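Novice:
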Amino acid sequence: MSELIELAWIVAKIVALVVPLFVAVAYMTYAERKVISAMQLRRGPNRVGWHGLLQPIADALKLLMKEVVLPSNANRFLFVLAPMLAIMPALAAWAVLPLGEGIVIADINAGLLYVLAMTSMGVYGIILAGWASNSKYALLGAMRAGAQVVSYEIAMGFALVGVLMAAGSLNMSEIVHAQAGPIWNWFWLPLLPLFVVYWISGVAETNRLPFDVAEGESEIVAGFHVEYSGMAFAIFFLAEYANMILISGLAAVMFLGGWYSPFHGLPVLGPMFDWVPGIIWFCLKICLFLFLYIWFRATFPRYRYDQIMRLGWKVLIPVTVVWLIVVSGMVLTEFGPWF
Amino acid sequence: MIEKVIFYVFAGILLAAALLVITARNPVHSALSLVLVFFTSAALWLMAEAEFLGIALILVYVGAVMVLFLFVVMMLDINIAVMREGFSRYLPLGALVAVIMVLQMLLVIGAAGVDLSGFAEATNPALSETNNIRMLGNVLYTVYVYPFELAAMVLLLAIIAAIMLTLRRRGGTRHQDINKQVRTTKAERLRMVRMASEQKNEQ
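Chains as they are written, first to last, in this note's numbering: chain C, 928 to 1266; chain Y, 68 to 270.
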């Protein structure tokens, strides 16, 4: 009986995390449209609700009402399975992410490994969607996405190895604890090259601009989800945005001190901001990264495919390997306030 | 109680998926069943408190190896009828191999005297208090450091060999030299031309 209660408690915690996450995804699309339109001197959505605030709900309703078209030559089972495989890892990885001091669903010792394992499974949804659609554009998009995600995963993994060396733990909460202190105590400073590599590969992992050749509208229509419509398409959309928020959350935990305030431990400013709960700081840091995503999209032209591969294999991976050696040197000499 | 239920659910899925790997007609379905096999066995390892092994299994096999497998299987145009042709002919040989493998496994298990009480000890909470990964790291870099480094060298050699096999320079290709592109200067690309301005009403 007590086990059942425990299970129910875990399910309640999951619901309490996933529902706000879906709301965040909905309003992320709104924020994206508003910010990009501001950058392009337009107004963006402004008809539904006050300043267009109900637009994401209208969009969700529209997608719900639409028909899910099954292409006649598609592999039915895999065609339906693919969106689920895309969203599952995007949600599962949230289990180990600490939102605040002790606010985490599963505080496990292998947290970082678990995150890597879960994010590495996201590629299945994309590949299967492309293959099951039985369409050349979808298959091309899936191939591009697959190759890109597999290559950038290596750089991303190496960048996170640097974090685990610096923190001396794979437990996400302990990684944050290792960064206790003001803004210059966080890992972004000693691990700056790894931070940059992580962020670039994070953008590439989520197939966002300037690395969105998987969807490249001007070349292959919409890439792997070209045959999807209605709610099936919406699930891919959800997965993409949930992944963006996840990558931002991970970046905040690994490099920007998770739930710590930027003035933590400072003489005057520290106590002044003590009343702000950690989860607020965490959300602000996530918002910073999400804004960067949008900013990139509005600023950079799409990378050419071979140059994406070159950047991943010949630039980012060597940078991480060199910096791993530097980090081990810093750990051994207990360099600065970080180690 | 719940742990037992979870174990049997996962074990059932594992066996069913393993059967599907060899019986599925579509090779992509086979590969995906293999993914499911890896995933469920990782879950079983997690239940045995071998969290590092379980997660590494997903990370390496599900996240990387099987993705490449799927790529290859999707690209191949496999004719299932041709694949099935030799089935009855190779059946006796396959059965023989299977019997030999089962015998070998039985011998290994019998020789090591494996009994289930050892597992109970492994899941002893006092023992599992220490960090799984830390323990593995300590053992790998002290007791087994030479075999470990040797395995790493073998893998590195395999990488270099694979790259060497594909690295064929063909003459006459229009390759971009990125370094040259980056190092280029204004003087190489831009030519300033002074022209007299044209007459306004000259048609």
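For every residue, glycine included, the Cβ atom is placed at its ideal position computed from N, Cα and C.
The structure displayed is predicted, hence computed values, not measured ones.
#1: Using the beta-carbon of each residue, which ones in chain Y are nearer than 8 Å to Ala1037 of chain C?
#2: Any idea what DSSP makes of Ile1053 of chain C, helix, strand or coil?
#3: Whole angstroms are fine: how far does the CA of Ala1169 of chain C sit from the CA of Tyr949 of chain C?
#4: I'd like to confirm something about Arg1231 of chain C: is its beta-carbon nearer than 8 Å to some heavy atom of the ligand PLP, or not?
#5: Pro1189 of chain C: which of C:Ile1207, C:Leu990, C:Trp977 and C:Gly1239 sits nearest, CA to CA?
#6: Could one say the Cβ of Ala1065 of chain C lies closer than 9 Å to chain Y's Cβ atoms, at least one of them?
#7: Here's a check: name, in chain order, each residue in its chain whose Cβ is nearer than 6 Å to the Cβ of Asn268 of chain Y, leaving out the five neighbours to either side.
#8: Look up Ile1030 of chain C in the DSSP assignment and say whether it is helix, strand or coil.
#9: Could you give the DSSP three-state label for Ile227 of chain Y: helix, strand or coil?
#10: Tell me whether Gln1106 of chain C sits in a helix, a strand or coil according to DSSP, three-state version.
#11: Mind the definition here: the region 1084-1098 of chain C touches the region 1246-1259 of chain C only if three or more C-beta pairs lie below 8 Å; say whether that holds.
#12: Which residues, taken in chain order from the region 131-144 of chain Y, show a beta carbon closer than 7 Å to some beta carbon of chain C?
#13: Excluding the 5 residues preceding and the 5 following Pro983 of chain C in the sequence, name in chain order all residues of the same chain whose CB lies nearer than 8 Å to its CB.
#14: So with CB distances below 7 Å, who are the chain Y contacts of Tyr1041 of chain C?
#15: Is it buried or exposed, Trp1021 of chain C, if we count other Cβ atoms within 10 angstroms and call 16 or more buried?
#16: What is the residue span of the alpha helix (DSSP H) that Gln982 of chain C lies within?
#17: Flag Leu1177 of chain C as yes if its beta-carbon sits less than 9 Å from any beta-carbon of chain Y, otherwise no.
#18: Classify Leu160 of chain Y as buried or exposed, calling it buried when 16 or more other Cβ atoms lie within 10 Å of its own Cβ.
#19: For the region 76-88 of chain Y, which residues have a CB atom closer than 9 Å to at least one CB atom of chain C, in sequence order?
#20: Within 9 Å of any Cβ in chain Y, is that where the Cβ of Ile932 of chain C sits?
#21: Does any residue of chain C have a CB that is nearer than 9 Å to the CB of Ile125 of chain Y?
#22: Under 7 Å Cβ to Cβ from Glu1028 of chain C, same chain only, skipping five residues before and after it: list those, please.
#23: Since Gly1150 of chain C and Gly1068 of chain C should fall inside the 8 Å C-beta cutoff, what is the C-beta to C-beta distance between them, to a whole number of angstroms?
#24: At least one CB of chain Y closer than 9 Å to the CB of Tyr1051 of chain C: is that the case?
#25: Who are the neighbours of Ile73 of chain Y on chain C, taking C-beta pairs under 8 Å?
#26: Sorted by chain position, which residues of the same chain lie with C-beta nearer than 8 Å to Tyr1232 of chain C's C-beta, five sequence neighbours on each side aside?
#27: Taking buried to mean at least 16 other C-beta atoms within 10 Å of its own C-beta, is Met966 of chain C buried or exposed?
#28: Roughly how many whole angstroms lie between the Cα atoms of Arg235 of chain Y and Lys1241 of chain C?
#29: Quick one: Cα of Val260 of chain Y to Cα of Phe1163 of chain C, how far?
Specialist: Once the coordinates are examined:
#1: Glu118, Phe119, Ile122, Asn199 and Ile200
#2: helix
#3: The amino acid at residue 949 of chain C is misidentified as Tyr; the sequence shows Phe. Whole-angstrom Cα-Cα distance: 8 Å.
#4: The ligand PLP is not among the ligands present in this structure, which contains no ligands whatsoever.
#5: C:Ile1207
#6: no
#7: none
#8: strand
#9: helix
#10: coil
#11: yes
#12: Ala131, Val134, Leu137, Phe138 and Met141
#13: Ala953, Tyr954, Thr956 and Tyr957
#14: Ile122
#15: buried
#16: Gln982 to Met992
#17: no
#18: exposed
#19: none
#20: no
#21: yes
#22: Trp1186 and Gly1205
#23: 3 Å
#24: yes
#25: Near Ile73 of chain Y there are no residues of chain C at all, since even the closest Cβ is about 11 Å away, more than 8 Å.
#26: Arg1071 and Val1140
#27: exposed
#28: 18 Å
#29: 53 Å
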